[in-house]
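Note that the protein sequences, when read in sequence, are chains C and U.
Here the first sequence stands for residues 0 to 547, numbered as in numbering that gives the first Met the number 0.
Here the second sequence stands for residues 0 to 547, numbered as in numbering that gives the first Met the number 0.
See structure below.
2 protein chains.
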Amino acid sequence: MRIALAQINPTIGALTGNTKKVVEYYDRARAGGADIVVFSELTLSGYPPKDLLLYNDFVAREKEIITDKILPLTAQNSPAIIIGTSHHEGGKLYNTAALLEEGRIKSVHRKTLLPNYDVFDEKRYFTSFMERKVELLDDLPTAITICEDIWNDCEFFAEPIHNVDPLEILFGQGARLLLNLSASPYNLGKHKLREELLPFLAKKYSSGIIYLNQVGGNDELIFDGSSLVYNDRGELIYRAAAFEEELFFIESEDLYKPAAVVQPPDKDDIDTVYQTLSLGVKDYVHKTGFKKVVLGLSGGVDSAVVAALATDAIGPENVFGIMMPSPYSSDHSVEDAVRLAENLGINYQVVHIDRPFAAYIGLLNETNEATGDLAEENLQARIRGNIVMHYSNREGYLALATGNKSELAVGYCTLYGDMSGGLAVIADLPKMMVYELAGHLNLIHGREIIPGRTISKAPSAELRPDQKDEDSLPPYKILDPILHYYIEENMSAEAIINKGFEAKTVQEVIYMVDRSEFKRRQAAPGLRVTTRSFGMGRRMPIARSYDY
Amino acid sequence: MRIALAQINPTIGALTGNTKKVVEYYDRARAGGADIVVFSELTLSGYPPKDLLLYNDFVAREKEIITDKILPLTAQNSPAIIIGTSHHEGGKLYNTAALLEEGRIKSVHRKTLLPNYDVFDEKRYFTSFMERKVELLDDLPTAITICEDIWNDCEFFAEPIHNVDPLEILFGQGARLLLNLSASPYNLGKHKLREELLPFLAKKYSSGIIYLNQVGGNDELIFDGSSLVYNDRGELIYRAAAFEEELFFIESEDLYKPAAVVQPPDKDDIDTVYQTLSLGVKDYVHKTGFKKVVLGLSGGVDSAVVAALATDAIGPENVFGIMMPSPYSSDHSVEDAVRLAENLGINYQVVHIDRPFAAYIGLLNETNEATGDLAEENLQARIRGNIVMHYSNREGYLALATGNKSELAVGYCTLYGDMSGGLAVIADLPKMMVYELAGHLNLIHGREIIPGRTISKAPSAELRPDQKDEDSLPPYKILDPILHYYIEENMSAEAIINKGFEAKTVQEVIYMVDRSEFKRRQAAPGLRVTTRSFGMGRRMPIARSYDY
Numbered sequence: 000m001r002i003a004l005a006q007i008n009p010t011i012g013a014l015t016g017n018t019k020k021v022v023e024y025y026d027r028a029r030a031g032g033a034d035i036v037v038f039s040e041l042t043l044s045g046y047p048p049k050d051l052l053l054y055n056d057f058v059a060r061e062k063e064i065i066t067d068k069i070l071p072l073t074a075q076n077s078p079a080i081i082i083g084t085s086h087h088e089g090g091k092l093y094n095t096a097a098l099l100e101e102g103r104i105k106s107v108h109r110k111t112l113l114p115n116y117d118v119f120d121e122k123r124y125f126t127s128f129m130e131r132k133v134e135l136l137d138d139l140p141t142a143i144t145i146c147e148d149i150w151n152d153c154e155f156f157a158e159p160i161h162n163v164d165p166l167e168i169l170f171g172q173g174a175r176l177l178l179n180l181s182a183s184p185y186n187l188g189k190h191k192l193r194e195e196l197l198p199f200l201a202k203k204y205s206s207g208i209i210y211l212n213q214v215g216g217n218d219e220l221i222f223d224g225s226s227l228v229y230n231d232r233g234e235l236i237y238r239a240a241a242f243e244e245e246l247f248f249i250e251s252e253d254l255y256k257p258a259a260v261v262q263p264p265d266k267d268d269i270d271t272v273y274q275t276l277s278l279g280v281k282d283y284v285h286k287t288g289f290k291k292v293v294l295g296l297s298g299g300v301d302s303a304v305v306a307a308l309a310t311d312a313i314g315p316e317n318v319f320g321i322m323m324p325s326p327y328s329s330d331h332s333v334e335d336a337v338r339l340a341e342n343l344g345i346n347y348q349v350v351h352i353d354r355p356f357a358a359y360i361g362l363l364n365e366t367n368e369a370t371g372d373l374a375e376e377n378l379q380a381r382i383r384g385n386i387v388m389h390y391s392n393r394e395g396y397l398a399l400a401t402g403n404k405s406e407l408a409v410g411y412c413t414l415y416g417d418m419s420g421g422l423a424v425i426a427d428l429p430k431m432m433v434y435e436l437a438g439h440l441n442l443i444h445g446r447e448i449i450p451g452r453t454i455s456k457a458p459s460a461e462l463r464p465d466q467k468d469e470d471s472l473p474p475y476k477i478l479d480p481i482l483h484y485y486i487e488e489n490m491s492a493e494a495i496i497n498k499g500f501e502a503k504t505v506q507e508v509i510y511m512v513d514r515s516e517f518k519r520r521q522a523a524p525g526l527r528v529t530t531r532s533f534g535m536g537r538r539m540p541i542a543r544s545y546d547y
Numbered sequence: 000m001r002i003a004l005a006q007i008n009p010t011i012g013a014l015t016g017n018t019k020k021v022v023e024y025y026d027r028a029r030a031g032g033a034d035i036v037v038f039s040e041l042t043l044s045g046y047p048p049k050d051l052l053l054y055n056d057f058v059a060r061e062k063e064i065i066t067d068k069i070l071p072l073t074a075q076n077s078p079a080i081i082i083g084t085s086h087h088e089g090g091k092l093y094n095t096a097a098l099l100e101e102g103r104i105k106s107v108h109r110k111t112l113l114p115n116y117d118v119f120d121e122k123r124y125f126t127s128f129m130e131r132k133v134e135l136l137d138d139l140p141t142a143i144t145i146c147e148d149i150w151n152d153c154e155f156f157a158e159p160i161h162n163v164d165p166l167e168i169l170f171g172q173g174a175r176l177l178l179n180l181s182a183s184p185y186n187l188g189k190h191k192l193r194e195e196l197l198p199f200l201a202k203k204y205s206s207g208i209i210y211l212n213q214v215g216g217n218d219e220l221i222f223d224g225s226s227l228v229y230n231d232r233g234e235l236i237y238r239a240a241a242f243e244e245e246l247f248f249i250e251s252e253d254l255y256k257p258a259a260v261v262q263p264p265d266k267d268d269i270d271t272v273y274q275t276l277s278l279g280v281k282d283y284v285h286k287t288g289f290k291k292v293v294l295g296l297s298g299g300v301d302s303a304v305v306a307a308l309a310t311d312a313i314g315p316e317n318v319f320g321i322m323m324p325s326p327y328s329s330d331h332s333v334e335d336a337v338r339l340a341e342n343l344g345i346n347y348q349v350v351h352i353d354r355p356f357a358a359y360i361g362l363l364n365e366t367n368e369a370t371g372d373l374a375e376e377n378l379q380a381r382i383r384g385n386i387v388m389h390y391s392n393r394e395g396y397l398a399l400a401t402g403n404k405s406e407l408a409v410g411y412c413t414l415y416g417d418m419s420g421g422l423a424v425i426a427d428l429p430k431m432m433v434y435e436l437a438g439h440l441n442l443i444h445g446r447e448i449i450p451g452r453t454i455s456k457a458p459s460a461e462l463r464p465d466q467k468d469e470d471s472l473p474p475y476k477i478l479d480p481i482l483h484y485y486i487e488e489n490m491s492a493e494a495i496i497n498k499g500f501e502a503k504t505v506q507e508v509i510y511m512v513d514r515s516e517f518k519r520r521q522a523a524p525g526l527r528v529t530t531r532s533f534g535m536g537r538r539m540p541i542a543r544s545y546d547y
């Protein structure tokens, strides 16, 4: 049996556009001699469709498309299709894999395990379906599963989340092939985890495995593709492209013989982060209907990295930088920013913020003199935000916010100021990782992209004379691990202190994190790269006390 | 049996503070001769605790408090306690009602039905528990239930959400009293619904009902209290205070005799909305640690209503208004705003935005002349936002955003401009309801609070000469019902058109709603009063297509 796997990049809600893509991939698969063509989880709506699923006409329209446009493809001995779709039955909605064959729906396989943690809300929409049945595909007994369905093995995971394991049921029925339709977003460590779980399952059940993942950026989430195929010995047979669409073919026979070559594990490092963010920027810009982006360039490493990522993602001709020096800016700020822009080959403009700042001070301070207080630091940041947004509004550019995860965590940022923008590109990157990425950008381009001084100088917001981040914050090499333990690991102050950090520092950091929830609530969507990003994956109350 | 019911206003996460309040209410109940004292759902953490529950030390600390501080209260013939708490068992977390008696945990009653729709995420944290057991309270067989547990009657609801009804199980075991620990946020229509469901259940099961609700504002959600007691004939025996804390006592014998007086249904109208928002503002301000608020006063009805609500909620001495006229402001704008401020007795200041606007224009337009484009409209709104935030940052006032639901829905508002603020007070009020509330404010004060001209003049953003909202939007009396059908009822364009609206108007409105998701994603939390507010109750993708 020749199985075609379509690793595609759907746009959320684009039922018509995604259908067109499905038909196109189907035609290519048929031309390539496929017996069956497989698509990923919730292909037609894209994943995650979120509350679009609550519009009854949305789900109804999807059903119409399956009936009118997809089913007919399979008539008259054309290849069969397995496709992920939302499926209403008995007043309940199911996350479903439908097997379409000979112009009819041969069977539906409804998802049992619904993720409802972190960024996932599947129990908001879907009902879990407990009965699972093996399907014969060309006489090969196949477990057709959807994403989370395979992530609950009680031997692999110390603490499985769900009470049942659909694989036990399906392999109990004699399955010999595990087919998984996924939409699994990338985060650091995900490649390693997948490439440990899948061969474990292959060996445990002596089964071939085809794991088909969605690709593409959808708001905060970036799906990496990287679909995987294992033989029944747990050897990797094929790994599809990362961060790109791909149509590939597997001969089912190959799943039951030794692998021709041993492949090294997939990378899961700063370059994967780079590719994740590149795709995240590119897809967000294009799927929101923009062509160009605008951002403020401070001469610092955060805006430099965001500019470089955007340039690689959508081309230098589509990136516009604005340098906005104030009276407190150091001499090198504009110099470094200009050097960056020239390294990148992007257009830029220098706009001094002194005059609007003076105009505000004239209104707000009776003495007409700046006091240099925190409110005036915020005001400068907001003037810059206004200017970036003005270019965005006037020119139709998408504004990119350039804040990193460390400063967003402790609230070292100005709401409506430097937080302005439609997408926060590095909002899930701790500052130390921003530096690592800066170095990596220079490395992969084989020349200086991020200027050396931008990397080497001490981080500063430059909102008052001689300001340094370290005046207000612990050094990032201390701050970042504390934030990791608190935000990603949910550890208590006590447990973090026991890791060897100074108690006072830990308490101050937690205090800052807790008290800046109101800023994060109004932050732009940030591209997710760690196991716990701000946004939908971390839902915190604002009006709260801290006396526990 | 004398049952004390503690309708309290906990602060989210304030385990220590909430415990103090529990002890205080317990002492008062004991002094009042109670045999048992009942508290509402998740009393110690407050509801909803959200991702605080993911901090393991948070749940552990709550358990310690139950063991060390609450349990001992009940020793030596002191009154028993039924209290809502999070409860870990076998690696799962349960939303639990614990019966504490004679210094020990006599029984725990775990929630079966977990709401995971709208603003609710209980399946993110809790496991559903299916076994339910009637508890004898002083020989009275009692169904101890938690909130959603009683909201699934298959005769009352045309389409029950859940597959099981714990009441069938519990009344099957012979329960004669239904005790429900709730944390049920108010929305328009909720009073009516509760006062229909509860007597229905009382009659159906010939059972007394005690429904104890939390009170208080927690971010977007406002819990109204309004706890209810019904006899086994379905007659209302007692209704506790709305929007206030209260300790009240019920003699269990009274649940099984005719009511002394027939009470009219609770109100569920614009005054309830007024009280909801007043409490929402007051609690948000105080629970976030603020004392005073600042807001822009445009002379229009939205900011006037917000100022009046804030004044009633926290006192005129704690409300500061800023009038920020521009070259495009009409003469009456400042006049009307000043009159409002004087009616309210609040402090205010007039800050002209001409100079910063001119300074920006000097930077951004080569001709030094304003072009009057949309970008410059946004710029004016952002200058105002900057000024409000400057007062907020410098004086430590909480900034209130004044946008209504209609404009937030269609994106007729400026991100980082008029959308600035820590709390969006009327973000869930359609414009027509804002007018209704304006009239109501004048009525309840028995004098002009909102100036007549503020109510009668045509709504305008005043960002260009002679601008009127109706230049860009359908009249609000058309717009608001379309928005209601689309946002609250999830209706399709087709279905709305079938309600009798012009097709072109409906399509334009939906277009505007869909395309302003990015603004709402960065909006301040808005107080919820309808069945579907923006924010956690409506989770929409931003990068999406519309071609279905």
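Note that CB positions come from ideal geometry on N, CA and C, so glycine has one too.
Just so we're clear, the structure is a prediction, and the values are computed from it rather than from any experiment.
Residue range of the alpha helix (DSSP H) that includes residue i
i, result
"C:Ser332", "Asp330 to Leu343"
"U:Ala358", "Asp353 to Leu363"
Nonlocal neighbours in the same chain, by C-beta distance under 6 Å from residue i, ignoring five residues either side
i, result
"U:Asn346", "Phe319"
Residue i, enclosing beta strand (DSSP E) - first and last residue
i, result
"C:Pro458", "That residue, C:Pro458, is in no beta strand (DSSP E); it is neither H nor E in DSSP."
"U:Ser181", "Leu176 to Ser181"
"C:Tyr347", "Asn346 to Val349"
"C:Gln6", "Arg1 to Gln6"
"U:Ser471", "Segment Asp468 to Ser471 is the alpha helix (DSSP H) holding U:Ser471; no beta strand (DSSP E) there."
CA-to-CA distance, residue j to residue i, given in whole angstroms
i, j, result
"U:Tyr411", "U:Ser302", "15 Å"
"U:Gly438", "U:Ser251", "43 Å"
"U:Tyr545", "U:Tyr210", "44 Å"
"U:Ile145", "U:Leu43", "15 Å"
"C:Phe201", "C:Ser127", "First, the amino acid is wrong: residue 201 of chain C is Ala here, not Phe. For C:Ala201 and C:Ser127, the distance between alpha carbons rounds to 25 Å."
"U:Pro114", "U:Tyr124", "11 Å"
"U:His190", "U:Met535", "22 Å"
"C:Leu41", "C:Leu397", "28 Å"
"C:Asp152", "C:Glu195", "12 Å"
Residues bridged to residue i (per DSSP)
i, result
"U:Lys91", "U:Glu88"
"U:Thr141", "U:Glu134 and U:Leu176"
"U:Tyr210", "U:Asn179 and U:Leu227"
"C:Glu100", "C:Arg103"
Contacts of residue i in chain U (Cβ-Cβ under 7 Å)
i, result
"C:Gly320", "None at all; the shortest Cβ gap to chain U is about 16 Å."
"C:Arg393", "Asp372 and Ala374"
"C:Phe517", "Gly421"
Own chain residues within Cβ distance below 7 Å of residue i, not counting five before or after
i, result
"U:Pro326", "Asp353"
"C:Ser329", "Glu461"
"C:Leu339", "Leu296, Ala303, Ala306, Ile449, Pro450 and Thr453"
Residues that residue i contacts on chain C, provided the C-beta gap is smaller than 7 Å
i, result
"U:Leu53", "Asn489"
Beta-carbon neighbours of residue i, restricted to chain U and to distances below 8 Å
i, result
"C:Lys286", "Ala542, Arg543 and Ser544"
Beta-carbon proximity list for residue i, same chain, < 8 Å, skipping 5 on both sides
i, result
"C:Thr413", "Glu376, Asn377, Ala380, Arg381 and Gly384"
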